[in-house]
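Novice: Following my numbering from start to finish, the sequence shown increments by one per residue and tops out at 1881. Take a look at this one; I'll ask things after.
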Amino acid sequence: MFLPQEVIRSKREGEVLHSDAIREFILGVTDNTVSEGQVAAFAMATYFQGMSIEERVALTCAMRDSGDVLDWSGESLNGPILDKHSTGGVGDVVSLMLGPMIAACGGYVPMISGRGLGHTGGTLDKLDSIPGYTTQASEALFRTVVKEAGVAIVGQTGELAPADKRIYGIRDVTATVESIDMITASILAKKLAEGLDALVMDIKVGSGAFMPTYEKSVELAESIVQVANGAGVKTTALLTDMNQCLASSAGNAVEVREAVRYLTGEYRNERLHEITLAQASEVLVSGGLAESTEQAREKLIQALDSGKAAELFGKMVHGLGGPADFMENYDSYLPKASIIKPVYMEGEGFIATMNTREVGLSVVQMGGGRKVPTDKIDYAVGITDICRLGDRLTADTPIAMLHASDEDSWNTAATMLRNSLTLAESQPEVLPCVYRKIS
Ligand code: URA
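Okay, structure coming up:
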């Protein structure tokens, strides 16, 4: 007989749970026969006692199976189903470019993304700045666009891992979010419900990262790689730098503009390019579309140079309701803020550190993100031309252009941005883009 309190007791005592017990518990979470108090107690017991890799795999699979799991076998797709997931950052617009680049190399990318959280931006909010683009697509439309453009980036189509939704809500108010075991299951349950063949995880490290230290980022990466592979999805993880804004811009419409300019070759921030290529190469190799990361990079550069990746992004945008000529006329479609002015900082020297979290919060402060979940987003506001670590600053060099809707929010964001930076007399060491690969 299944008794939730016995499962909680076992975990409280540090025992290893059988996969059947985990599955029954998650079934109870999903149909509400397990109470909120029991979920909270289970989460706290897991927080303190931890879970083995086998238990995490069982928890991930049970949570994945608590809702819809996409099956692509009936679509006769002639390539693998691939995706990437990032723990989130500032100016992390990689998904918008990586999706069509992978599609141009023969993969299919059914990317189910999320909204902004705290100081980090959300892919869905960025895409919502494109007039007509629907991030709330039906499953039928989602499938059609994946089939025709090779990539579709949308919000949840059906009920995706509802057990995670309930558990996460309870973890959030019971101080049990910071558990590598539960973070792993929570992230992977949603990603694996996309029916993937391979996945690359981007785990951020640094002042704008979700994980507080390098060591914790490594721990999460190792956990995710072992659990995802244990659940049958070929997965590697890259630890990448988030000690500065990744793209040259942060916000919604401004990041879409940067993604389009990247795809067409009009402008490419080198660090963003490096990290995009590194992640896309990983997933091309895992998905069997390239034999080595070197070959994958060549294919990806070709996908950019030939214009194929840009074409597929345009096809996705139009397929999901956006303008047919978006790639040609993106600048006239994307909203613009009423105040766009450069920000200067006192002093001279080299940019030594950036509190990237603070940069993200300055965008939220201007209305580019939500302070409470019901907030409406101002898609036009944000930051462009943001300086990078190591840049030499003189009195007449702006640190960024700030796009705001009124003077007050411009001034507050400008102060936050100035305070997020420190200067040094000598050039600081250049940080790598990719710290480590875990496979
Ligand atoms: N993101 C998730 O989706 N789940 C967690 O538990 C933490 C971050």
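The beta-carbon is built from N, C-alpha and C at its ideal position, and this holds for glycine as well.
Closer than 7 Å: is that where the CB of SER1628 sits relative to any heavy atom of the ligand URA?
Specialist: Within the cutoff, so yes.
Novice: Can you tell me whether SER1518 is buried or exposed, with buried defined as 16 or more other CB within 10 angstroms of its CB?
Specialist: SER1518 is exposed by the Cβ-count criterion.
Novice: Tell me, which residues are paired with HIS1527 by DSSP?
Specialist: HIS1527 pairs with MET1643.
Novice: Closest to HIS1760 by C-alpha separation, out of PRO1654, ILE1595, TYR1709, would be which residue?
Specialist: The shortest Cα separation from HIS1760 among PRO1654, ILE1595, TYR1709 belongs to ILE1595.
Novice: Exposed or buried, which one is GLY1456 when buried takes at least 16 other CB atoms within 10 Å?
Specialist: By the 10 Å Cβ count, GLY1456 comes out exposed.
Novice: Apply the 10 Å Cβ neighbour rule to ALA1766 and answer buried if 16 or more other Cβ atoms are within range, or exposed otherwise.
Specialist: Classification of ALA1766: exposed, given that the 10 Å Cβ count is below 16.
Novice: Just to check my reading of the structure: ILE1782 and MET1858 have Cβ atoms closer than 8 Å, yes? What is that Cβ distance to the nearest angstrom?
Specialist: Incorrect: roughly 17 Å between the Cβ atoms, too far for contact.
Novice: Since LEU1714 and ALA1689 are thought to touch, with beta carbons under 8 Å apart, how far apart are those beta carbons, to the nearest angstrom?
Specialist: About 5 Å; that satisfies the 8 Å criterion.
Novice: Below 8 Å between beta carbons: does that hold for LEU1638 and ASP1513?
Specialist: Taking 8 Å as the Cβ cut-off, LEU1638 and ASP1513 do not qualify as a contacting pair.
Novice: Just to confirm, are PHE1792 and SER1868 a CB contact at a threshold of 8 Å?
Specialist: It is a contact, given that the beta carbons lie within the stated cut-off.
Novice: Please classify GLU1448 as buried or exposed, where buried requires at least 16 neighbouring CB atoms within 10 angstroms.
Specialist: It counts as exposed.
Novice: For the beta strand (DSSP E) containing PHE1792, list its first residue and its last residue.
Specialist: From DSSP, the beta strand (DSSP E) with PHE1792 extends over 1791 to 1796.
Novice: Could you tell me which residues DSSP puts in a beta bridge with LEU1844?
Specialist: BP columns for LEU1844 point to LYS1783, ILE1825.
Novice: Can you look up ALA1856 in the DSSP assignment and give me helix, strand or coil?
Specialist: Here ALA1856 sits in helix by DSSP.
Novice: Determine the closest residue to VAL1698 out of VAL1587, TYR1575, ILE1666, GLU1661, with distance taken between C-alpha atoms.
Specialist: That would be TYR1575, whose Cα lies nearest to the Cα of VAL1698.
Novice: With three or more beta-carbon pairs closer than 8 Å as the criterion, would you say the region 1772 to 1779 touches the region 1545 to 1563?
Specialist: Because the criterion of three Cβ pairs below 8 Å is not met, the region 1772 to 1779 and the region 1545 to 1563 do not touch.
Novice: If the criterion is Cβ atoms closer than 8 Å, does the pair GLY1802 and ALA1692 meet it?
Specialist: A contact, by the Cβ cut-off of 8 Å.
Novice: Compute the beta-carbon to beta-carbon distance between ASP1567 and ASN1694, rounded to the nearest angstrom, for a pair I have assumed lies under 8 Å.
Specialist: With a Cβ gap of about 5 Å, ASP1567 and ASN1694 count as contacting.
Novice: Would you kindly check if the distance between the Cβ of GLY1650 and the Cβ of VAL1532 is under 8 Å?
Specialist: Cβ atoms of VAL1532 and GLY1650: closer than 8 Å.
Novice: Who are the Cβ neighbours of THR1826 in its own chain at under 6 Å, not counting the five residues just before and after it?
Specialist: These residues qualify, in order along the chain: SER1691, VAL1696, MET1843.
Novice: I need the boundaries of the beta strand (DSSP E) containing THR1616, first residue and last residue.
Specialist: First-last for THR1616: undefined, no H or E at that position.
Novice: Ends of the alpha helix (DSSP H) at ARG1830?
Specialist: It is not in any alpha helix (DSSP H) - ARG1830 carries neither H nor E in the DSSP assignment.
Novice: Are there three or more Cβ pairs, one per stretch, closer than 8 Å when the region 1618 to 1629 is compared with the region 1481 to 1497?
Specialist: The region 1618 to 1629 vs the region 1481 to 1497: in contact.
Novice: Apart from the five residues on each side of it in sequence, which residues of its chain come closer than 6 Å, Cβ to Cβ, to ALA1546?
Specialist: Once the five neighbours on either side are set aside, the close Cβ partners of ALA1546 are ALA1745, LYS1750, ALA1751, LEU1754.
Novice: Quick one: give me the first and last residue of the alpha helix (DSSP H) that THR1562 is part of.
Specialist: Taken as a continuous stretch (DSSP letters only), THR1562 belongs to no alpha helix (DSSP H), as it is neither H nor E.
Novice: Would you say VAL1675 and ILE1544 are within 8 Å of each other, going by their C-beta atoms?
Specialist: No. Outside cutoff.
Novice: Are the CB atoms of SER1508 and LYS1646 within a distance shorter than 8 Å?
Specialist: No; because the gap between Cβ atoms is not below 8 Å, this pair is not in contact.
Novice: How big is the Cα-Cα spacing for SER1851 and MET1505?
Specialist: Computed Cα separation, rounded: 41 Å.
Novice: Using 7 Å as the cut-off, classify the Cβ of TYR1610 as near or not near the heavy atoms of the ligand URA, replying yes or no.
Specialist: Checking the Cβ of TYR1610 against the ligand URA gives yes.
Novice: Note down the Cα distance separating PHE1467 from VAL1476, rounded to an integer number of angstroms.
Specialist: If I take the Cα positions, the gap works out to 7 Å.
Novice: Give every residue of the same chain whose Cβ lies closer than 8 Å to the Cβ of ASP1833, excluding the five residues on either side of it in the sequence, and list them in chain order.
Specialist: Excluding sequence neighbours, ASP1833 sits near PHE1792, ILE1793, THR1839.
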